[in-house]
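Using the numbering used here, the first residue of the sequence shown is number 85, and each one after it goes up by one. Beta carbons are placed, not taken as given, at the ideal position from N, Cα and C, and that holds for glycine. Below you'll find the structure, written out as structure tokens, and then a few comments.
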Amino acid sequence: MGIAWTNLFKQPQTYGLVAGTALGFSALVWLAGPRPLVWLTGGGISAAMVGTWATGFRPSPAVPLDSSNLLDAPVFAAQLEAISRRVPPKAQSTWGQAHTWASESQRFATRINEQDSFLHLELLEAMHTVQDLARQVAEALAVMDNIETPAYRQLAQQRLALSCDRLQATHAQLQQLQDQVTLASLDTDPTTGSPLPQRLQTLIAANKHILEEPREG
């Protein structure tokens, strides 16, 4: 990987190092005499010093995103952006609302996870169903853009409505769960049980039911 030369030469220390190295090399030649061994040794030391400094300006390799961690905002946003590309231009208003529900659901889930990490697996599974619901909305919008037969268009509209309604319900439920977790953090009684895992499982099951319904039809 190459050196970021622009950043290197922006550093005042670079010029100080070069000047100091040149001065030291000149002093060595003056004291020991301009012999080949002196030139070779001094030049090697000077080059090593400057080279070591320069290698510190190699850009760090990009860390690939874990595409399965939908609780990570950039990952979820990237997945949602990929889904967005399937939506025809004239359906952007409908998709915009679905996109908002999905994005805010991810934000709610992340906040819940930050306050109660024991719910991580349930929240991650919930986010995968949110992603799938968003994909189902996008696919329904794309299909409707190409269907002219009234009966099939009505079927596509029904599937779109089911997916949108479930996505909206998930958004509302996760918002409520986030508020519940925030309030629960004020409860100092360690014996108080949390119904959140069960509520998340119910949410996930409801989402999966909608996701599987079109394949049953």
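Element boundaries [alpha helix (DSSP H), containing residue i]
i	result
Leu-207	204-228
Pro-158	157-168
Pro-279	Note, Pro-279: premise wrong, no alpha helix (DSSP H); not H, not E.
Thr-184	176-199
Arg-250	234-268
Classification of residue i by the beta-carbon crowding that lies within 10 angstroms, buried from 16 upward
i	result
His-255	buried
Trp-114	exposed
Asn-153	exposed
Ser-269	exposed
Gln-369	Shown here, the chain extends from 85 to 301; a query on residue 369 therefore has no answer.
Arg-250	buried
Contacting residues, own chain, Cβ-Cβ under 7 Å from residue i (five flanking each side not counted)
i	result
Leu-155	Ala-193, Thr-194, Asn-197, Leu-207, Leu-208, Met-211
Ala-146	Note that Ala-146 scores a pLDDT of 46, beneath 50, so its modelled location is shaky; the value from the coordinates is reported in the next line. Contacts found: none.
Pro-148	Reliability fails at Pro-148, whose pLDDT of 48 lies under 50, so the model's placement of it is uncertain and no value is given.
Ser-144	At Ser-144, the pLDDT of 48 sits below 50, so the modelled position is not reliable; the number obtained from the coordinates is stated separately. None.
Own chain, CB closer than 6 Å to residue i, minus 5 neighbours either side, in chain order
i	result
Ala-175	Leu-225
Same chain, Cβ closer than 8 Å to residue i, five either side skipped, listed in chain order
i	result
Pro-172	Leu-225, Ala-226, Asp-229
Asp-216	Asn-291, Leu-295
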